[in-house]
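Chains as they are written, first to last, in the numbering used here: chain A, 17 to 647; chain B, -17 to 282.
Working notes, structure below.
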């Protein structure tokens, strides 16, 4: 504490004078009474029974001394050097990246940063314009150039750490824009330094960097994978743990399968190295794997990771074609498809046809090579056991069959021209889906059905002979055909997600409503966009569950793998591309005067002293007033 | 009476004196007197009130033989009658300096009260005597027993000449009074009791054969002090000084103290058969005599 006017302390000499005056017992006015007999008795009783009352007699003296001290203190004009800024404008940038949730400072780095920001706001001069920016994955201006400290403090209080990385570029660009108008602005950056910085930026104000954090001790799970074994009946778990700290540590890794402890192992990890945990033979039916490091470092967020067992069998499709780019592209676009393109000659050489669906494009195999799986014939050149060809027709007008047309759901053939098509007799097992009108007659262009337990669909024209591939109807038609020909296979498959941004999840085309259960237990209803659903809120790490209709929910995991955030070692200096970055110590100091509250205290003391001195009179007056009121 | 009034008009007017003549000092005991008076005496005498018979003995006045009794019993019996004598009424007046205080003044009040009560006694043919505690001159210290209304002017004159004394040795003076007052009788003690020896003094006094009525006189400003602040109190009698800070609390405690003191005196008196009558000088003398003292059975 410093004093602007220390000379005022000379007045302290008055203190002993007051005491002396009491000690000397100032001359009291004499009052003659008939007898002091009772008074003596009274005084003797008081002194004998309550020694403290002697002091009470001098309470006025103590109050007078206190009053004098308070007045002298106020006159000396005390002040504190405030570590705040003296500028009339201040921008506080608070890093809200995941690493700010580290607990090496109590209660956490983000709370320490908030407290520091609150202190700066408190100590800023009156009428300072305060801007508060939170810099996480997204940059937000919480308050802009406000002179209302309460508003600024509320905004700071509302800040919490996010799960993402921090990019100071946009925050500094905003501050740059502000400081170009107000060059005398102080920019306070409260961060642990683990941020992305702009390569080039020009900031005209003074940048003060407050490093937050003191320790770098952190180990985190940086990868988790569940691989299906070749045999397909069990899984292998791969977990990678990295030591970001500067000391060799031993951490215990607990593995939970479906939230039941499955394994626990101690990993000794040297600084800046990785330890690998590999475990084979995890049961195939396990749905969720949860890996967790026992408590023991300053950044608990990366101590937990999840993965899901989502290795469902994809739809194996063999496309037998001389070459059809349109068809290949359309099939490849379908989700969870394993597509093998093969030429007719190659197909003839195949000995074992293991596929869910075989597509013959402009080709028909020999009878003995006909697969037992589902078959899609496209423009068959000759008759087979399934159907008979009768020749070709020119320019048929496509006409969808009426009724519940399963294959052409949501597809319009209006305006689609077909140059040439095969004329095929509709087999008895088949249901027509699209027919072609020509010369007053009609022939099936697309039909499907169950031929003695085998799903077969036939498209009676070459894809290249139409303008269908250029229409939006084509991929939808292919998707419908595959869905019908290979049902109960090819459910969407999800890998463990590491990105924190939105997730694009593929789901069947006919699903209209999905329900997503987040790790926090919230349920979100989403209308899917064809051909998938985009989930925006995948910030929270953990297991997400998607369900639609009566299907078993599909799980996917979101993890927080970020080396830059797990590396929590605080940086003492921020290498901003500006010449006027200052560390905390070089902050401009401002004087914070506080004579007013002391003067107020002095006023309270003197009023109290007066009330005590005159309390007899006050009580008398109040009693009189009371009596008057009663009467 | 007009003579008295003319001569000693400083105390009371004639109307008031005539009112006083209707009152009398009450005595709760039968006390033998010295001269014939109007009080029933334990002695047998020659009043009109029959008391008893006794057999005639040689030397008795044969005029007092009850011949009717002789006619019935043929024995001589003498008729005895109640003797009516006077009693001695004592007035003990504290004239210490502390009594010369207050508005109305305690000393004046006590002199006027002693005058009125003494007049009642004189009119009642009682031997009236007064003793002024604190006076040094013998003729002022003691007013010897007088009786009869005609002595009132002497009594008034005596009282008029008394002036407040300076110092008072309470116990010593009480002892002196006791040695002088041999006759039993009602005693009216008028004092403020502002003396540390008050208990001893009252004890000494109560050991005699007096029927003591203690008129404890205080002035209003003694009961409710009007001063505040840091002051030095000077005792008018002892010249002792005491410094106080007369704040609200202290005044309240003083008021409690004086109430407790009066309670203590009352208890002390009741234990010794003393009739305790606390008074304030604001009480009108007429009310004191015709109401308070009659209620307290000092007067009738």
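Virtual Cβ for every residue (Gly too), placed ideally from N, Cα, C.
Output the distance between the C-alpha atoms of residue 63 of chain B and residue 52 of chain B, rounded to the nearest integer angstrom.
18 Å
Are the Cβ atoms of residue 115 of chain B and residue 92 of chain B separated by less than 8 Å? Their beta carbons are not under 8 Å apart, which means residue 115 of chain B does not touch residue 92 of chain B by this criterion.
Opening and closing residue of the alpha helix (DSSP H) in which residue 137 of chain A lies = 125 to 139
For a quick check, are the C-beta atoms of residue 175 of chain B and residue 192 of chain B less than 8 Å apart?
Taking 8 Å as the Cβ cut-off, residue 175 of chain B and residue 192 of chain B do not qualify as a contacting pair.
Proximal residues of chain A, C-beta to C-beta of residue 209 of chain B below 8 Å:
47
_Contacts that residue 212 of chain B makes with chain A (C-beta to C-beta distance below 7 Å)_ = 44
Q. So the beta strand (DSSP E) residue 273 of chain A belongs to, where does it begin and stop?
A. 265 to 273
- CA nearest to the CA of residue 39 of chain A, picked from A:31, A:45 and A:46: A:31
> CA-CA distance, residue 35 of chain B and residue 41 of chain B?
Replying inline: 16 Å
Can you find the residues in the same chain that come closer than 8 Å, C-beta to C-beta, to residue 159 of chain A, ignoring five residues on each side of it along the sequence?
146, 147, 148, 167, 168 and 171
Leaving aside the five residues before and after residue 601 of chain A along the sequence, list all residues of the same chain whose C-beta is less than 7 Å from its C-beta, in chain order.
Summary for residue 601 of chain A: the model assigns pLDDT 43, below 50, so the residue's position carries little reliability; its value from the coordinates is reported in the next sentence. The beta carbon of residue 601 of chain A sits closer than 7 Å to no other beta carbon from its chain once the five residues preceding and following it are set aside.
Query - Candidates A:49, A:383, A:95 and A:561, of which the one nearest residue 614 of chain A by Cα - result: Residue A:95 is the option with its Cα nearest to residue 614 of chain A.
Rounding to the nearest angstrom, what Cα-Cα distance links residue 1 of chain B and residue 204 of chain B in this structure? 32 Å
What did DSSP end up calling residue 457 of chain A once you bin it into helix, strand or coil?
Residue state, collapsed to three classes: strand.
Could you please give me the residues that DSSP links to residue 306 of chain A through a beta bridge?
A:272 and A:322
Worksheet entry | Partner residues on chain A for residue 204 of chain B, Cβ-Cβ distance less than 7 Å | 50
Item to check | residue 55 of chain A: contacting residues in chain B (beta-carbon distance under 8 Å) | outcome: 215, 224, 226 and 236
Distance, residue 82 of chain B Cα to residue -2 of chain B Cα:
Those two C-alpha atoms are separated by around 25 Å.
Just to confirm, is the Cβ distance from residue 281 of chain B to residue 271 of chain B under 8 Å?
yes
Reducing DSSP to helix, strand and coil, say where residue 166 of chain B ends up. coil
Checking contacts by CB at 8 Å: is residue 59 of chain A closer than that to chain B?
-> yes
**Prompt:** Hey, how far is the Cα of residue 377 of chain A from the Cα of residue 184 of chain A?
**Reply:** 56 Å
- If residue 263 of chain A sits next to residue 287 of chain A, beta carbons under 8 Å apart, how far is it from one beta carbon to the other, in whole angstroms? 6 Å
Have a look at A:152, A:333 and A:458 and flag the residue whose alpha-carbon is nearest the alpha-carbon of residue 497 of chain A.
A:333
Open item on the list: Let me confirm a value: residue 418 of chain A is counted as buried when at least 16 other C-beta atoms fall within 10 Å, else exposed. Which label applies?
Closed with: When all chains shown are included, residue 418 of chain A counts as exposed.
Legend entry - is_contact[residue 254 of chain B, chain A] using C-beta, thresh 8 Å: no
field: For residue 502 of chain A, the nearest candidate out of A:627, A:416, A:353 and A:622 (CA to CA)
entry: A:353
field: alpha helix (DSSP H) runs contained entirely in the segment 98 to 167 of chain B, provided each spans 4 or more residues
entry: Here the runs fully enclosed are 120 to 123, 134 to 143 and 152 to 162.
For the pair the segment 22 to 37 of chain A and the segment 196 to 213 of chain B, tell me if three or more CB-CB distances fall below 8 Å. no
- Taking the CB atoms as reference points, tell me whether residue 137 of chain B and residue 106 of chain B lie closer together than 8 Å. no
query: If we ignore side chains and look at the alpha-carbon of each, how far apart do residue 16 of chain A and residue 639 of chain A end up?
result: As shown, chain A starts at 17 and ends at 647. That puts residue 16 of chain A outside it, with no answer to give.
**Asked** If you run the structure through DSSP and keep just helix, strand and coil, what is residue 422 of chain A?
**Response** coil
Per the contact definition of three or more C-beta pairs closer than 8 Å, is the segment 82 to 89 of chain A in contact with the segment 611 to 627 of chain A? yes
Taking only three categories from DSSP, how would you classify residue 260 of chain B?
strand
Beta carbon proximity, residue 239 of chain B to chain A, threshold 8 Å
yes
Quiz item: Name the chain A residues that come within less than 9 Å of residue 233 of chain B, Cβ to Cβ?
Solution: 632
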